Amino acid sequence: MRKFAAVLMLCLGVGSAMAVARSVYDFTLKSIDGKPTSLHAYHGKVLLLVNVASKCGYTPQYSALESVYEKYKGQGLVIVGIPANNFASQEPGTNAEIKSFCSRKYNVTFPMMEKVSVKGDDQTPLYQFLTDKATNPQIGGDIQWNFTKFLFDRNGKPVARFEPAVTPDSPQVTAAIEAALKN
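Counted the way mature numbering (1 follows the signal peptide of the UniProt record, and there is no 0) counts, the sequence shown spans residues -19 to -1, 1 to 164.
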């Protein structure tokens, strides 16, 4: 019966990734180099997803993201940067330009994905899932700007959402990361 329902959903065009996704691990993005990257690869890690941009007032948060990543990666934290150009065209570059900028200006070593859309008609399925209040009441809601942060525990359960003005190295974020790493 389940197979029939799945086939019916696909035939009716309602079989989007969001409709069947139950976890952040159900999504695959392309790395900044264009290689498919399943978020399931980060199962067992504490995961911080951040929509980033190179020409934003919050862009200096790349430094704090890298510092937090360096501090906690040995304990199981993974930060994933997801470039988006949805806000005032603040990420106009190509993936190669974004990668070069992040490396040259901020020495970013955490995983970076290809540029996607985090809101609007072309919103990537991952962000449809993250912002859906019915699926994720704790973290759902529209993305307001660049550098919105989503924290997940080692099992992919949403822990917290931090808006752009909350820096990655703030006591609020580091306390949430440390608590998630202990579990």
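Beta carbons: idealized from backbone N, C-alpha and C, even for Gly.
Fair warning: this is a prediction, and the values are worked out from it, not measured in the lab.
Residues near Gln119 in its chain [Cβ-Cβ closer than 7 angstroms; skip 5 each side]: Counting only Cβ-Cβ distances below 7 angstroms, and skipping sequence neighbours, we find Pro139.
May I have the straight-line CA-CA distance separating Val(-13) from Thr18, to the nearest angstrom? Caution is warranted here: a pLDDT of 40 is assigned to Val(-13), below 50, making its placement in the model unreliable, and the coordinate value is therefore given only provisionally. CA-to-CA, the gap between Val(-13) and Thr18 works out to about 26 angstroms.
Do Ile63 and Leu10 have their C-beta atoms within less than 9 angstroms of each other? Taking C-beta atoms as the reference points, Ile63 and Leu10 count as a pair closer than 9 angstroms.
Spell out a yes or no on whether the region 67 to 83 and the region 31 to 42 are touching, meaning 3 or more CB-CB pairs, one atom from each, closer than 8 angstroms. yes
So, helix, strand or coil for Ile124, using DSSP? coil
Whole angstroms is fine: what's the gap from Val33's alpha carbon to Ser48's? 16 angstroms
Would you grab the beta carbon distance between Val97 and Ala65 for me? Rounded to a whole angstrom, and I think it's under 8 angstroms. 6 angstroms
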